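Structure first, commentary second.
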Ligand code: UT7
């Protein structure tokens, strides 16, 4: 019997129009363009300013871009997954709303919450549903409105994050293309260093939690940085080693965009030159679940059928890992 693998067959993306530059942040907190650029690589980020709109707005736009570009009938989609750290609301599934709004009326849908690794873990989930032979079209979206949980008086976090969304379609492949291998990990002790402390079941919202600004993202940057550098690089190196990939075999590193220094360290460990490293952190900052599909969207024209892509991510939880995927098409 021919083996079924899960290949990416279409890509879409959306970022809001409003650009928040480093200069604008200088007006809000005690920081400067030089510090932000040299410590993170970020020059600007996008912010969703539309009143009453949340993460689903970004996700729907990205999905619609994919459907239009790929000329895909939404009724053929079997499953819609939304990877996010900022769902529209708690309890009601954001993915269900997105599926309905894009006309995926024959799909089931659910959210996948794994912070910055949501999209990476979503790739594994989507791939599993396809490889089982049960489903033919799985739409995976990574979307986050980080500005909804960022404290714009905290200079250690507000400079990093931005809003955005990206989407990919997974379909069965019998040529051996698509997802090849994955190395995924988590460590729950990490929640002491990167989290949003209030608003969940441990600490429901009270006047006190609002007053104490506990509904904003909190990060102990230095600690997270240390774990991110070692774990992201280790995971990517492991994936290369066990698939006997040398630096020349790897066409592209697709790294989570949290900090340019973390990306450089990962590429360095893999022995890759800069021209094989996808990077757009300078214009979007850290969009959490959206970084990986936004990279695929920005680099799609340069990708060729058979290219070896190594994805790597690290995020809250902690969660991290790496995925090896063979690209399945040449762009028109
Ligand atoms: O995507 C999810 C996972 N997240 C990450 O991977 C993020 C990991 N962490 C980081 O990227 C970095 O730790 C940050 C970018 C958040 C911070 O960079 P850093 O080089 O680790 O800075 P630091 O926290 O060690 O702070 C160095 C100095 C401190 O001043 P002192 O104590 O040396 O006087 C900070 O108070 O820089 C100061 N500082 C700032 N200065 C200007 C912190 N934030 C700022 C700022 N502007 N925005």
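Numbering (my numbering), first residue to last: 530 to 861. Even glycine gets a Cβ: it sits at the ideal position worked out from N, Cα and C. Quick caveat: nothing in here was measured; it's all calculated off a predicted structure.
Cβ of residue i within 8 Å of any chain B Cβ
i, result
"residue 714", "Of the chains in the structure shown, none is chain B; there is only one protein chain."
C-alpha distance - residue i paired with residue j, whole-angstrom precision
i, j, result
"residue 674", "residue 565", "21 Å"
"residue 661", "residue 679", "39 Å"
"residue 798", "residue 762", "6 Å"
"residue 839", "residue 829", "15 Å"
"residue 619", "residue 725", "14 Å"
"residue 551", "residue 690", "12 Å"
"residue 692", "residue 593", "17 Å"
"residue 571", "residue 541", "23 Å"
"residue 687", "residue 681", "5 Å"
"residue 860", "residue 742", "46 Å"
"residue 539", "residue 823", "13 Å"
Residue i, buried or exposed, once every other Cβ within 10 Å from all chains shown has been counted against 16
i, result
"residue 597", "exposed"
"residue 760", "buried"
"residue 547", "exposed"
"residue 640", "buried"
"residue 818", "buried"
"residue 581", "exposed"
"residue 623", "buried"
"residue 784", "buried"
"residue 634", "exposed"
"residue 739", "exposed"
"residue 786", "buried"
Distance cut-off 7 Å: residue i Cβ against heavy atoms of ligand 1
i, result
"residue 845", "yes"
"residue 614", "no"
"residue 625", "no"
"residue 791", "yes"
"residue 674", "no"
Strand pairing of residue i, partner residues [DSSP]
i, result
"residue 745", "For residue 745, which the question treats as bridged, DSSP gives no partner whatsoever."
"residue 575", "548"
"residue 751", "The partner list for residue 751 (beta bridge, DSSP) is empty, contrary to what the question assumes."
"residue 841", "784 and 851"
"residue 696", "541 and 670"
Task: Every unbroken alpha helix (DSSP H) inside the stretch 578–661 [4 residues or more] - done: 584–599, 623–631 and 647–660
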